[in-house]
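K.L.:
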Amino acid sequence: MTALLQTTKLTKHFGDTHAVDKVDFTIGEGEVLALIGSNGAGKTSLVNLCSGLYPPDSGTIHFRGEDITKQTVQNRISSGIARSFQVVNLFDDLTVLDNVALSIFSREKMTRRLFTLADRQEAVWTEARDILRQFGLEVKSDQRAGGIAQGERKLLDVAVSYALKPQLLFLDEPTSGVSTREKAPIMDVISSIVRSQRITAVVIEHDMDIIFKYSDRIVVMHQGVVLASGSPEEIRNNETVKDAVFGPTHA
Amino acid sequence: MNSTTVAALKPAATRSPYLAVVWAVPIAVLLGILPFVFDQYRTIQLAYGLIFAIAGLGFNILLGYTGLLSFGHSAYFGVGAYTAAFMVKYMHTGSMELFLLGTIVASLLVTSLFGYVCVRYTKIFFSILTLALSQVLWSLAFKFFWVTGGTDGLRVPTPKLLGMSLGEGEDKIYFLSHAYYYYVLALFIICVGVMWLIVHSPFGKALQAIRDNETRARFVGIRIRRYRFIAFLVSGVFTGIAGALWVPLNGLTTPDILYWPFSGEIVFMSVLGGFRNFTGPIVGAVVYNYLKDFAVGFTVYWQAFMGVVLVVLVLALPTGIVGTAKVLAEMARRRFAR
Chain V
1 MTALLQTTKL TKHFGDTHAV DKVDFTIGEG EVLALIGSNG AGKTSLVNLC SGLYPPDSGT
61 IHFRGEDITK QTVQNRISSG IARSFQVVNL FDDLTVLDNV ALSIFSREKM TRRLFTLADR
121 QEAVWTEARD ILRQFGLEVK SDQRAGGIAQ GERKLLDVAV SYALKPQLLF LDEPTSGVST
181 REKAPIMDVI SSIVRSQRIT AVVIEHDMDI IFKYSDRIVV MHQGVVLASG SPEEIRNNET
241 VKDAVFGPTH A
Chain S
1001 MNSTTVAALK PAATRSPYLA VVWAVPIAVL LGILPFVFDQ YRTIQLAYGL IFAIAGLGFN
1061 ILLGYTGLLS FGHSAYFGVG AYTAAFMVKY MHTGSMELFL LGTIVASLLV TSLFGYVCVR
1121 YTKIFFSILT LALSQVLWSL AFKFFWVTGG TDGLRVPTPK LLGMSLGEGE DKIYFLSHAY
1181 YYYVLALFII CVGVMWLIVH SPFGKALQAI RDNETRARFV GIRIRRYRFI AFLVSGVFTG
1241 IAGALWVPLN GLTTPDILYW PFSGEIVFMS VLGGFRNFTG PIVGAVVYNY LKDFAVGFTV
1301 YWQAFMGVVL VVLVLALPTG IVGTAKVLAE MARRRFAR
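Protein chains in written order, with the working numbering: chain V, 1 to 251; chain S, 1001 to 1338.
(1) Scan the segment 96-115 of chain V for residues whose Cβ lies nearer than 7 Å to a Cβ of chain S and list them as they occur along the chain.
(2) Using 10 angstroms around the beta-carbon of E152 of chain V, count the other beta-carbons present and answer buried if the total reaches 16, otherwise exposed.
(3) Report all residues from its chain with a CB closer than 8 Å to the CB of E138 of chain V; omit the five preceding and five following residues, and keep chain order.
(4) Closer than 7 Å, Cβ to any Cβ of chain V: which residues of the segment 1107-1127 of chain S, in chain order?
(5) Which term fits L1113 of chain S, buried or exposed, when burial requires 16 or more other beta carbons within 10 angstroms of its beta carbon?
(6) With 8 Å set as the bound, which would you pick, yes or no: does the beta-carbon of Q86 of chain V sit closer than that to a beta-carbon of chain S?
(7) Applying the 10 Å Cβ sphere with the 16-neighbour rule, what's the burial state of V1022 of chain S?
(8) Go ahead and label V1237 of chain S buried or exposed: buried means 16 or more other beta carbons lie within 10 angstroms of its beta carbon, across all protein chains shown.
(9) Measure the C-alpha to C-alpha separation of V1156 of chain S and T1254 of chain S and round it to an integer number of angstroms.
(10) What whole-angstrom Cβ distance do A1209 of chain S and F91 of chain V have, given they're in contact under 8 Å?
(11) Give, in chain order, every residue of the segment 1208-1221 of chain S whose Cβ lies closer than 7 Å to some Cβ of chain V.
(12) Within 10 angstroms of its Cβ, does R1120 of chain S collect 16 or more other Cβ (buried), or is it exposed?
(13) Just checking, does the segment 24-43 of chain V make contact with the segment 213-226 of chain V on the three C-beta pairs under 8 Å criterion?
(14) Find the residues of chain S that neighbour L164 of chain V, judging by a C-beta separation of less than 8 Å, and give them in chain order.
(15) What is the DSSP secondary structure of A1316 of chain S, reduced to helix, strand or coil?
(16) Please list the partners that S1235 of chain S has in chain V, where partner means a Cβ-to-Cβ separation under 7 Å.
(17) Rounding to the nearest angstrom, what Cα-Cα distance links R1333 of chain S and V1327 of chain S in this structure?
(18) At the level of alpha carbons, what is the spacing between D57 of chain V and L49 of chain V?
(19) If I'm right that P166 of chain V touches I81 of chain V with Cβ under 8 Å, what's the distance once you round it to whole angstroms?
(20) Once the 5 residues before and after H18 of chain V are set aside, which same chain residues still bring their CB inside 6 Å of it?
(21) Evaluate H250 of chain V with the Cβ neighbour count: other Cβ atoms within 10 Å of its Cβ, from every protein chain shown; 16 or more gives buried, anything less gives exposed.
(22) Terminal residues of the continuous beta strand (DSSP E) containing G28 of chain V?
(23) If contact is defined by three or more beta carbon pairs under 8 Å, each pair taking one atom from either stretch, is the segment 1176-1184 of chain S in contact with the segment 1034-1041 of chain S?
(24) Could you check what DSSP says for G1058 of chain S in three-state terms: helix, strand or coil?
(25) Give a yes or no on whether 8 Å exceeds the smallest Cβ distance from A244 of chain V to chain S.
(26) With a cut-off of 8 Å on the beta carbons, I'd call I104 of chain V and A163 of chain V a contact; round off their distance for me.
(27) How is T1158 of chain S classed by DSSP in three states: helix, strand or coil?
(28) Apart from the five residues just before and just after G1153 of chain S, which ones in its own chain have a Cβ nearer than 7 Å to its Cβ?
(29) At 8 Å on the CB atoms, spell out the chain S contacts of I77 of chain V, in chain order.
(30) Could you check where the beta strand (DSSP E) with D325 of chain V kicks off and where it finishes?
(31) What does the alpha-carbon distance come out to for the pair D16 of chain V and K242 of chain V?
(32) Using a Cβ-Cβ cutoff of less than 6 Å, which residues in the same chain neighbour L1019 of chain S once the five nearest sequence positions on both sides are dropped?
(33) Run through chain S and tell me which residues come within less than 7 Å of Q74 of chain V, C-beta to C-beta.
(34) Which residue from V:E182, V:S191 and V:V178 puts its Cα closest to that of A159 of chain V?
(35) Can you tell me whether T200 of chain V is helix, strand or coil according to DSSP?
(36) Under 6 Å Cβ to Cβ from S1095 of chain S, same chain only, skipping five residues before and after it: list those, please.
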């Protein structure tokens, strides 16, 4: 499998905390990869580094063979990297439809236009409605994004990123903060879209049932380093992972 | 999907420019008729109101649409006023169109410089920086009196409109309340149209995205600082145009127009009308102008009176006149729909 994104000795320290410590990490094209680990393991920090939220202290990030370590967030998005957030990040005062349309306007470089009516861009609105339909949110189109349910907000957060047409999508805890009953339907929607569009996805998740059901490969992080990597079955049977991540009760 | 469903999916409020025109045309016609109804003094007051409304529109692209509260808009208003005054004094021109052209260039230069510094910051840091920079311009106007006229200011005589000057023996007050009023009204309509287009453009949507959630806006690919900078330029140019239109009406510009209390007045106008609505600053500017005029005639403690109004406004009508009117209209609509 061709490597889509590769980090080499990627490092980020916050004071004395080694959030990400010389991590070598590879994502193959078309993979759905789960990134797991206990709280503070460095999962979100690794995603933040790869998506450009903050710069690494050292190490490199290559995307499709190109060094993107010093690229801006906007350039990474143009290259094909998008992300959703652990704590939902939406434009709460705008409608659900506007949230998705904004991604499309930005992707098509139309936000530079000062003297064009946004509402007259029918192709954009049609595509935005189509994306909302795929995510099961079309009936919420006219509602304020700040006024819909948490599960729907989680899906919308992913839909906003998906509208950027990424090749690589980081999903930071897409089911956190929703009820257990809602988790599987949300993951079903996301998984079906990601796989049908052949998007490479990295999912950070704490729910092991979801991890084992939806991922092709699992990377386990612990205290800022990669502890193990393998198929769901290999990780399930890995004693080191059991002790470090799941704890003695799981073993 | 049938057409009914598609229509239902469209956010109703902003989808049609025709709806805006339906509202705008009767108001424009009314504003055109008012000089025949009002006396000259009231008409000139309305001209002041329309000019402040242009400044309010400029101010509100920053506050209402980008989420940046500027306490330094007196600077850009003053740039417009002083540009016209300098053109009279040093270039001996009296053409209003040249004043406007000069103002646009000068506003772009000053706002580029100020904006480059200010848009790196947000919230209170942005507000204080804009305030501080406006005070730099005020102190320059105050101290360089051999250039600016100091506290005596600079006189600006009645300008030529579209190449035509005031006729021999024609009353200046009549000119200001008729020809000049219509000139201001035309500029006001153009400014409203241009600003409406900007805030309803994809660029305007991007500004609202930045206002709502800067991090998310960054992660849909919007270059935050660049967009804030452009909004700053647009804001400065609109406010500058207002300053250039104001100075012939006032006949004189002094450093007072660059001083920070005038920035506060622009904020007041927007809060009064409602800064989360496109029309809020327009209504706020016109009402504020009449309110101030009334207060000055009513009591020598007019500043205290205006302060009380502001406190009551913030407590009782946090969404401003237009915001409250919209809420009341919605309540009435629901009541009649039952």
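We put the beta carbon where it would ideally sit given N, CA and C, even for glycine. Please read these numbers as outputs of a predicted model, since none were measured by experiment.
P.N.:
Walking through what the data contain:
(1) L97, D98, L102, S103, F105, S106, R107, M110, T111, R112, R113, L114 and F115
(2) On the first sequence, residue 152 of chain V is found 152 positions in, with the first residue counted as 1. Counting every other CB atom within 10 Å of its CB across the protein chains shown gives E152 of chain V a total of 16 or more, marking it as buried.
(3) Indexing the first sequence from 1 puts residue 138 of chain V at position 138. Excluding residues within five positions, the ones whose Cβ falls inside 8 Å are R129 and L132.
(4) none
(5) Taking the first residue of the second sequence as position 1, residue 1113 of chain S is located at position 113. L1113 of chain S comes out exposed.
(6) Residue mapping note: residue 86 of chain V aligns to position 86 of the first sequence, counting from 1. Chain S, which has no Cβ nearer than 8 Å to the Cβ of Q86 of chain V, makes this no.
(7) As a first step, residue 1022 of chain S is located in the second sequence; it is residue number 22 there, counting from the start. Burial state of V1022 of chain S is exposed, judged by a 10 Å Cβ sphere holding fewer than 16 other Cβ atoms.
(8) Reading the second sequence from its first residue, position 237 is the one you call residue 1237 of chain S. Buried is the call here.
(9) As a working note, residue 1156 of chain S is residue 156 in the second sequence. As a working note, residue 1254 of chain S is residue 254 in the second sequence. Answer to the nearest angstrom: the Cα atoms are 11 Å apart.
(10) Numbered from 1 along the second sequence, position 209 holds the residue referred to as residue 1209 of chain S. Numbered from 1 along the first sequence, position 91 holds the residue referred to as residue 91 of chain V. Sure, about 5 Å apart at Cβ, within 8 Å.
(11) The segment 1208-1221 of chain S vs chain V, Cβ under 7 Å: Q1208, A1209, D1212, N1213, T1215, R1216, R1218, F1219, V1220 and G1221.
(12) Walking along the second sequence from the start, residue 1120 of chain S turns up at place 120. Its Cβ having fewer than 16 others within 10 Å, R1120 of chain S is exposed.
(13) Segments in contact, yes.
(14) Sequence index remark: in the first sequence, residue 164 of chain V carries index 164 (1-based). Close partners of L164 of chain V in chain S (Cβ separation under 8 Å): V1220 and G1221.
(15) Counting from 1 along the second sequence, the entry for residue 1316 of chain S is found at position 316. Helix.
(16) For the purposes of this step, residue 1235 of chain S is taken as the residue at position 235 of the second sequence. The premise fails here: S1235 of chain S is roughly 13 Å from chain V at the closest Cβ pair, so nothing lies under 7 Å.
(17) Residue 1333 of chain S sits at position 333 when you count from the first residue of the second sequence. Residue 1327 of chain S sits at position 327 when you count from the first residue of the second sequence. If I take the Cα positions, the gap works out to 10 Å.
(18) As a position in the first sequence, residue 57 of chain V is number 57, starting the count at 1. As a position in the first sequence, residue 49 of chain V is number 49, starting the count at 1. For D57 of chain V and L49 of chain V, the gap between their C-alpha atoms comes out near 10 Å.
(19) In the first sequence, the residue the question calls residue 166 of chain V occupies position 166. In the first sequence, the residue the question calls residue 81 of chain V occupies position 81. Your pair P166 of chain V and I81 of chain V checks out as a contact, with CB atoms roughly 6 Å apart and the cut at 8 Å.
(20) By 1-based counting over the first sequence, the position of residue 18 of chain V is 18. Answer for H18 of chain V: G224, listed in chain order.
(21) As a working note, residue 250 of chain V is residue 250 in the first sequence. Note that H250 of chain V scores 49 on pLDDT, short of 50, meaning its location in the model is unreliable; the coordinates nonetheless yield the value given after this. Label assigned to H250 of chain V: exposed.
(22) Taking the first residue of the first sequence as position 1, residue 28 of chain V is located at position 28. Counting along the chain, the beta strand (DSSP E) containing G28 of chain V begins and ends at T17 to G28.
(23) yes
(24) Mapped onto the second sequence, residue 1058 of chain S falls at position 58. Correct three-state label for G1058 of chain S: helix.
(25) Translated into positions along the first sequence, residue 244 of chain V becomes position 244. Judged by the 8 Å Cβ criterion, A244 of chain V is not in contact with chain S.
(26) As a working mapping, residue 104 of chain V is identified with position 104 in the first sequence. As a working mapping, residue 163 of chain V is identified with position 163 in the first sequence. Sure, about 5 Å apart at Cβ, within 8 Å.
(27) Looking up residue 1158 of chain S in the second sequence gives position 158. Three-state result, T1158 of chain S: coil.
(28) In the second sequence, counting from the first residue as 1, residue 1153 of chain S sits at position 153. Correct list, in chain order: L1252, T1253 and T1254.
(29) If you number the first sequence from 1, residue 77 of chain V lands on position 77. Near I77 of chain V (Cβ distances below 8 Å), the residues of chain S are F1219, V1220 and G1221.
(30) Limits of chain V in this structure are 1 at one end and 251 at the other, which puts residue 325 of chain V out of reach.
(31) Taking the first residue of the first sequence as 1, we reach residue 16 of chain V at position 16. Taking the first residue of the first sequence as 1, we reach residue 242 of chain V at position 242. Each residue's Cα considered, the two are about 27 Å apart.
(32) Here the question's residue 1019 of chain S lines up with position 19 in the second sequence. Around L1019 of chain S: no qualifying Cβ.
(33) One-based indexing of the first sequence puts residue 74 of chain V at position 74. Residues of chain S passing the Cβ test: G1221 and R1223.
(34) As a working note, residue 159 of chain V is residue 159 in the first sequence. When each option's Cα is compared against that of A159 of chain V, the closest is V:S191.
(35) Along the first sequence, one-based indexing puts residue 200 of chain V at 200. If DSSP states are grouped into helix, strand and coil, T200 of chain V belongs with the strands.
(36) Along the second sequence, read from residue 1 onward, the residue named residue 1095 of chain S stands at position 95. Short of 6 Å from the beta carbon of S1095 of chain S, and not among the five residues preceding or following it, lie these beta carbons of its own chain, in chain order: K1160.
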